[in-house]
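Have a look at the structure below before the remarks.
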Amino acid sequence: MDFHGSTPPSLGHLQRLRFLLLNYNFLIGTLPSALSNYSSLLHLSVEGNSLSGVVSSSIGALPHLRVISLSLNNLSDSLPSSVLCNVTEFDISGNSFSGSIPDLISSLSRLEELKMSNNMFDGVVPVGITNCSLLRVLDL
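Number 141 in this note's numbering belongs to position 121 of the sequence shown; there are no gaps in the numbering.
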């Protein structure tokens, strides 16, 4: 089944949600503001939609979040500088992010996969990325 339109605000009532997988639908608009309500969320994947706008810094306040896949959307601006200390997989490839790759990437000590290709980043890759000793996939 394919879903069309924006994500319903009522999703915010699912506070015990651990996996939110909304891949390859026809979703438009921004990432749901209700994400900050998902204090138990482990896996967020909304790849292959038409989501746009910026990624809220509230995503960094989710203490258990391990996997973030926002690839193949129309998300833009720069990445939030929030701390995602428990994230192991971070995929924002195929969007319209711009600016420099934030130094916060260097502090993600549990990061195993980092996919940021097909965006509009400029500048240099942060030297501190070598601190990500568990990194096994790097796609810039």
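Backbone N, C-alpha and C fix where the C-beta goes; we use that ideal spot for every residue, glycine too. Computed from a prediction, not measured in an experiment: that's the story for all the values here.
At which residues does the beta strand (DSSP E) containing residue i begin and terminate?
i: Phe117; result: 116 to 119
i: Glu109; result: 109 to 111
i: Val157; result: 157 to 159
i: Val87; result: 87 to 89
i: Ile48; result: 46 to 49
i: Glu133; result: 133 to 135
Compare the Cα-Cα distances from residue i to each of the options and report the closest residue.
i: Thr50; options: Val66, Leu37, Leu62; result: Val66
i: Asp111; options: Thr150, Leu158, Arg130; result: Leu158
i: Val145; options: Leu124, Glu132, Arg130, Arg156; result: Leu124
i: Asp92; options: Val107, Ser127, Leu131, Ile48; result: The question names Asp, but residue 92 is Leu in the sequence shown. When only C-alpha atoms are compared, the closest one is Ile48.
i: Ser106; options: Leu62, Ser78, Asn139; result: The sequence given here has Asn at residue 106, not Ser. Out of Leu62, Ser78, Asn139, Leu62 has the C-alpha closest to the C-alpha of Asn106.
i: Gly119; options: Gly143, Leu40, Tyr44, Tyr58; result: Gly143
i: Ser76; options: Pro83, Arg36, Leu131, Ser56; result: Ser56
i: Tyr58; options: Leu90, Glu132, His33, Asn138; result: His33
Could you please give me the residues that DSSP links to residue i through a beta bridge?
i: Asp97; result: Phe117
i: Gly73; result: Leu95
i: Leu64; result: Leu40, Ile88
i: Gly25; result: Leu47
Buried or exposed for residue i, please, with buried defined as at least 16 other CB atoms from any protein chain shown within 10 angstroms of its CB.
i: Met136; result: buried
i: Leu99; result: buried
i: Phe46; result: exposed
i: Gly148; result: exposed
i: Thr27; result: buried
i: Asn115; result: buried
i: Asn69; result: buried
Would you say residue i touches the ligand GTP, meaning its beta carbon is less than 7 Å from a heavy atom?
i: Met136; result: Summarising the ligand content, the structure contains no ligands, and the ligand GTP is consequently not present.
Rounded to whole angstroms, how far is the Cβ of residue i from the Cβ of residue j, which I believe are closer than 8 Å?
i: Ile79; j: Ser96; result: Their Cβ separation, rounded to whole angstroms, is 15 Å, which puts Ile79 and Ser96 out of contact at 8 Å.
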